[in-house]
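Undergrad: Each residue of the sequence shown is one higher than the one before, counting from 1 in our numbering.
One structure, as structure tokens, below. Some questions next.
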Amino acid sequence: MNTIDIITAAIIITIAYLGFRRGFLVSVFSLISIIIGIVLATKFHSGIALVMQKVIKDEKTLNVISFLSIFFTVYLTGIFVANKLSKISSLTKSIDRILGAVLGALKGMLAASLILIFIRSLGIFGESEIKSSYLFPYVSNFAPDTFDAVSKLLPFNRKTFDDLNSFLKTDTQNKK
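Encoded structure:
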């Protein structure tokens, strides 16, 4: 295991544990917030980038920060709403927690995949460390593959998913 594997495993395990603690209802709302956050960040990150370009000069860094700022704003708002709604949950606590952990692990895979894509696009780790990572080849494509699968289920929104895939895959394809 190298640094990439430790970071990846920590993200997945932490989010799975949070899913267990929060339960299924909060995890579902959290997942919905992730999806909405990604869609909105994909559509509007360039507008935020225009505002931030006076402060951040590097285009890759600017795009990543503008994308993440929109994503986390939507995500944290969704978590706030979910926590308020969880007070009325009627699922039994153990079932709610187990389902929350499973959903949390899947969300952790999505988060780790996006983080690995951003890390690679920013060149934080060298190719030798990426190639020696056990988890990178399995986790890094999880988000783009998930978006491809979801776009087939929701063809009416295909352009959003095509834009996101383009955003996610541009740098990773250039690095291969």
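Each residue gets a CB set at the ideal place from its N, CA and C atoms; glycine is no exception.
1. If you draw a straight line from the alpha carbon of S33 to that of I130, how long is it in whole angstroms?
2. Rounding to the nearest angstrom, what Cα-Cα distance links G37 and I98 in this structure?
3. Look up F142 in the DSSP assignment and say whether it is helix, strand or coil.
4. Output the boundary residues of the alpha helix (DSSP H) element that contains G108.
5. Ordered along the chain, which non-local residues of its own chain (more than five positions away) have a Cβ less than 7 Å from that of A118?
6. Kindly indicate if chain E contains any beta-carbon less than 8 Å away from that of A105.
7. Where do the ends of the alpha helix (DSSP H) carrying K131 lie?
8. Who are the near neighbours of F125 in its chain, counting only those whose CB is closer than 8 Å to its CB and skipping five residues on each side?
9. Is L135 helix, strand or coil by DSSP?
10. Could you give the first and the last residue of the continuous alpha helix (DSSP H) run that contains V39?
11. Between which two residues does the alpha helix (DSSP H) containing N63 stretch?
12. If we count Cβ pairs, one from each stretch, closer than 8 Å, do we get three or more for the stretch 9–20 versus the stretch 101–120?
13. Please state whether DSSP places V55 in a helix, a strand or coil.
14. In whole angstroms, what separates the C-alpha of T73 from that of V39?
15. How many whole angstroms separate the CB atoms of L122 and T61, which I take to be in contact at a CB cut-off of 8 Å?
16. Pair every Cβ in the stretch 131–151 with every Cβ in the stretch 47–57, then say whether three or more of these pairs are closer than 8 Å.
17. Going by C-alpha distance, which of K84, G47 and S133 is nearest A9?
TA: Let me lay it out:
1. 30 Å
2. 25 Å
3. helix
4. K93 to L122
5. The amino acid at residue 118 is misidentified as Ala; the sequence shows Phe. Cβ neighbours of F118 beyond the five flanking positions: V64.
6. Included in the structure is just one protein chain, with no chain E present.
7. E127 to S132
8. T3, I4 and I119
9. coil
10. F24 to M52
11. E59 to L85
12. yes
13. coil
14. 13 Å
15. 7 Å
16. no
17. S133
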